[in-house]
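These notes are about the structure you will find just below.
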Amino acid sequence: MSRFVYRMQNILNLKYKLEEQAKLDFAAARKRLDDELEKLELLFGRKAAYEEEGRRLRENELNVQDILDNKNAILQMDDYILLQKVQVSRAEEELEAERRKLQEIRQERQVQEKLREKAFEIFIKEENARESKEVDELTSYTYGQKRR
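Going by our numbering, the first residue of the sequence shown is number 754, and it counts up by one from there.
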């Protein structure tokens, strides 16, 4: 039996490499999103701490400057949170783009694998037909020798 050689194997190998790179890009985008979400949670925590400090400042003796500073800090945290939400949104869009890219590359690889499987099936059929022909020829030759 001869050896099966897929003539577009280099393309299939390239598709595997592209898929691996797309997986790495997707993982990096996921990490960026996780980092941005973590930053957002930290900002919410800082804001909650400032709010708690503001309540504490209002319970004791009133120091107007400390209360105003606290109020400004809370407003500044609101601005930071808004900006961070924009960053999270961008990271989500980037992750979705990488996911679509990975899905497309994966489909292209699967198409190449299907083509390889079909080529292999054709090869097997041709090999079986060739072997069957050889067996028929051998049988005919052997039968012909016995008749003489």
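The C-beta atom is built at its ideal place from N, Cα and C for all residues, glycine as well.
With respect to N823, E806 sits close: the two C-beta atoms are nearer than 8 Å. The region 842 to 859 makes contact with the region 763 to 778, as at least three CB pairs between them are under 8 Å.
In the structure shown, M830 adopts helical secondary structure according to DSSP, grouped into three states. L771: member of the alpha helix (DSSP H) spanning 762 to 812, first to last residue. Taking a contact to require three or more Cβ pairs closer than 8 Å, the region 822 to 841 and the region 782 to 793 qualify as touching. Taking a 10 Å sphere around the C-beta of E866, we find fewer than 16 other C-beta atoms and assign the residue as exposed.
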